[in-house]
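Structure first, then comments.
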Amino acid sequence: MWVVFLVLLGCCVSEATVLGQRFTATTGSQDEADTFALLREMKAMLDDQRNELRQTKEQLVQLQKVQEKTGDDSLLDKIWSQLDALKKGFTDHETRLRISEMQEEEQRKRVEQVVRQYTELEARLNAYNLDGQRKQVDKLQKDSRELNTRLTELTNKLGDADAVVKALQAADQDLEARLNTADVEAETQGALVAQLQMEIKEFESRLESSESLEGEWAARLGITETEVKGLKTVDQEFESRLEASEGQATEMNTRLGVTETKVEALERINKELEAKLEASQTVQEELENKVEQTAAAVEEVKTTMSGDKVAFSAALEENQMHIGPFNTETTLIYKKVITNIGDSYNPTTGFFTAPVNGVYHFTFYSHANGGNPGFLLLYKNGEVVVGTAEHATASDVTDNGSNGVVLLLQKGDQVDVHMEARSSVWADSDRNLCTFTGILLYSMPSDVPKSIL
5 MWVVFLVLLG
15 CCVSEATVLG
25 QRFTATTGSQ
35 DEADTFALLR
45 EMKAMLDDQR
55 NELRQTKEQL
65 VQLQKVQEKT
75 GDDSLLDKIW
85 SQLDALKKGF
95 TDHETRLRIS
105 EMQEEEQRKR
115 VEQVVRQYTE
125 LEARLNAYNL
135 DGQRKQVDKL
145 QKDSRELNTR
155 LTELTNKLGD
165 ADAVVKALQA
175 ADQDLEARLN
185 TADVEAETQG
195 ALVAQLQMEI
205 KEFESRLESS
215 ESLEGEWAAR
225 LGITETEVKG
235 LKTVDQEFES
245 RLEASEGQAT
255 EMNTRLGVTE
265 TKVEALERIN
275 KELEAKLEAS
285 QTVQEELENK
295 VEQTAAAVEE
305 VKTTMSGDKV
315 AFSAALEENQ
325 MHIGPFNTET
335 TLIYKKVITN
345 IGDSYNPTTG
355 FFTAPVNGVY
365 HFTFYSHANG
375 GNPGFLLLYK
385 NGEVVVGTAE
395 HATASDVTDN
405 GSNGVVLLLQ
415 KGDQVDVHME
425 ARSSVWADSD
435 RNLCTFTGIL
445 LYSMPSDVPK
455 SIL
């Protein structure tokens, strides 16, 4: 069985090789019909080889089963290598077959195109009658020669006609010039006639106007005579009225003198009134200034009165615990606000800020164990004013400290309480043993000298 398989495999390889050589030789030497026949033969042979290869694969599967039983790996590897070579040869032949089929299709299209072109040329040649066309061409050439002869004659006649036309154009230009001259003279004469007619009409109108003016002047002359008579009467009346007016003028002069005297007296009175008015304006300005000063003072009093309500009292917020001792002097922050009228005390920083100028009273109280020192200081704008002293003693269980002071503060001044270094206090928020209190006794005007404050 192994021998049969190897012989069959060798035949397939040899047939594929021979078929490839024949295809190469045929594509290089034979015509299209032989090529097509050979391609068909190659295709049939390849189909046969596919079938044989399929059968070989089936036999190979059976051989694999036998190999599994016998364990002969070397023979199976040899068969597989021959099978791979056969597959490669088959793939190459199949590729060349596809290329040949494509070339066959292209050649078939080219032949069909040549046949169509030949058929079209044959049909066109059959459609044309060459003898009849030649006769028509001869006839057309003859007609062309006759037409050229007639064209030459017409050209000569056209030259003669051009000479006649030029002579006629010269005569026409002469006549046109003469006609233009005549037209100019006619226009000139027409203008003269029109001007004469206008002058005649003007003379006629002026004559009519003169006649009408003559009648009008006669009428106006009669009216003028009548008016002269009337004017004489009016003149007499004017003379009598003028005499009356002269008498009235004398009387008016007398009255005018009296009026001028009165005007002079009024002018003196007016000057006196103007002087009094100027004095009144000065007084009025002074009063207005005083009113403004009074209003400003009232506003200041209102502001001062509105800021009079200032009072606060705060305690340490911590409960049942020591505050301190610290290595450095520390600001005590009384976070538990009991009273804060005017919101001038800040429980976040522990500072009281004066809202207005005035006199303030401050007190502060502390509680500490007898074995611990407790020294407190009240500051104004960063400077110590008063303090408390609690020295450590072994005999006392607890100690209390307090102090107070009245301060004259400007608006914006700050007051706070410090605890000295290595001191401590005992905080008890339930009983408020450590407190800081301040109250505005009365406010002061804004113009208080700083030296007093």
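Be aware that the sequence shown starts at 5, since it is given in our numbering, and climbs by one per residue.
Note that the Cβ used here is the ideal one computed from N, Cα and C, for glycine as well.
Compute the Euclidean distance between the alpha carbons of residue i and residue j, then round it to the nearest angstrom.
i: Thr439; j: Ala299; result: 42 Å
i: Thr441; j: Phe368; result: 6 Å
i: Lys294; j: Met448; result: 22 Å
i: Thr341; j: Asp312; result: In the sequence as presented, Thr is not what sits at residue 341; that position holds Val. Computed Cα separation, rounded: 20 Å.
i: Arg114; j: Thr95; result: 29 Å
i: Arg112; j: Asn55; result: 30 Å
i: Ile443; j: Glu296; result: 33 Å
i: Arg210; j: Leu217; result: 10 Å
i: Gln199; j: Ser213; result: 21 Å
i: Met5; j: Ala89; result: For Met5, the predicted structure reports a pLDDT of 48, less than 50, and the residue's modelled location is therefore unreliable. The matter cannot be settled from this model.
i: Val4; j: Glu250; result: Past the edges of the chain, shown from 5 to 457, lies residue 4, and the structure says nothing about it.
i: Glu387; j: Ser399; result: 34 Å
i: Leu437; j: Ser406; result: 11 Å
i: Ser317; j: Asp347; result: 11 Å
i: Asn257; j: Ile273; result: 24 Å
i: Ser33; j: Gln63; result: Low per-residue confidence applies at Ser33: pLDDT is 46, beneath 50, and the placement is therefore not dependable, though the value from the model is reported in the following sentence. So the alpha carbons of these two residues sit roughly 40 Å apart.
i: Arg120; j: Ala127; result: 11 Å
i: Asp164; j: Ala171; result: 11 Å
i: Asp147; j: Asp166; result: 28 Å
i: Ala222; j: Thr230; result: 13 Å
i: Thr28; j: Ile103; result: Low confidence applies to Thr28: its pLDDT is 49, below 50, so where it sits in the model is not reliable enough to give any reading.
i: Leu144; j: Thr153; result: 14 Å
i: Val238; j: Arg245; result: 10 Å
i: Thr31; j: Glu108; result: Low confidence applies here, because Thr31 scores a pLDDT of 47, under 50, leaving its location unreliable and the question unanswered by this model.
i: Lys384; j: Met423; result: 14 Å
i: Glu180; j: Asp187; result: 10 Å
Whose C-alpha, out of the options, is nearest the C-alpha of residue i?
i: Ala315; options: Ile345, Phe368 and Leu291; result: Ile345
i: Met49; options: Gln63, Gln66 and Leu101; result: Leu101
i: Glu98; options: Glu208, Asp52, Ala167 and Phe242; result: Asp52
i: Glu105; options: Glu45, Gln66, Leu155 and Gln59; result: Glu45
i: Thr352; options: Asn373, Glu321, Ala372 and Ser370; result: Glu321
My understanding is that residue i touches residue j, with C-beta atoms under 8 Å, so please give their C-beta distance in whole angstroms.
i: Asp403; j: Asn323; result: 20 Å between Cβ atoms; not a contact.
i: Gly354; j: Thr335; result: 5 Å
i: Gln418; j: Thr357; result: 5 Å
i: Leu445; j: Val421; result: Between Val421 and Leu445 the Cβ distance is about 20 Å, and since that is not below 8 Å, they are no contact.
i: Pro359; j: Lys415; result: 7 Å
i: Tyr338; j: Ala319; result: 6 Å
Per DSSP, what are the beta-bridge partners of residue i in this structure?
i: Ile327; result: Val429
i: Thr418; result: It should be noted that the sequence gives Gln, not Thr, for residue 418. In the DSSP output, where bridge partners are listed per residue, Gln418 has Thr357.
i: Val390; result: Leu382
i: Ile345; result: Ala315
i: Thr367; result: Gly408 and Thr441
i: Ser447; result: Gly362
i: Val335; result: Per the sequence shown, residue 335 should be read as Thr rather than Val. Answer by DSSP bridge pairing, in chain order: His422.
i: Leu413; result: Gly362
i: Asp403; result: Ala372
Would a check of beta-carbon distances place residue i closer than 8 Å to chain D?
i: Tyr364; result: The chain inventory of the structure shown lacks chain D, comprising one protein chain alone.
Quiz item: Okay, do the segment 395 to 413 and the segment 357 to 369 touch, 3+ Cβ pairs below 8 Å being the bar?
Solution: Touching, per the Cβ criterion.
Self-check item: Segment contact, 8 Å Cβ cut-off, at least three pairs: the segment 423 to 437 with the segment 326 to 343
Solution: Yes, the segment 423 to 437 touches the segment 326 to 343.
Quiz prompt | the segment 373 to 380 / the segment 392 to 400 touching (three or more Cβ pairs under 8 Å) | solution = Contact annotation: the segment 373 to 380 touches the segment 392 to 400, with at least three C-beta pairs closer than 8 Å.
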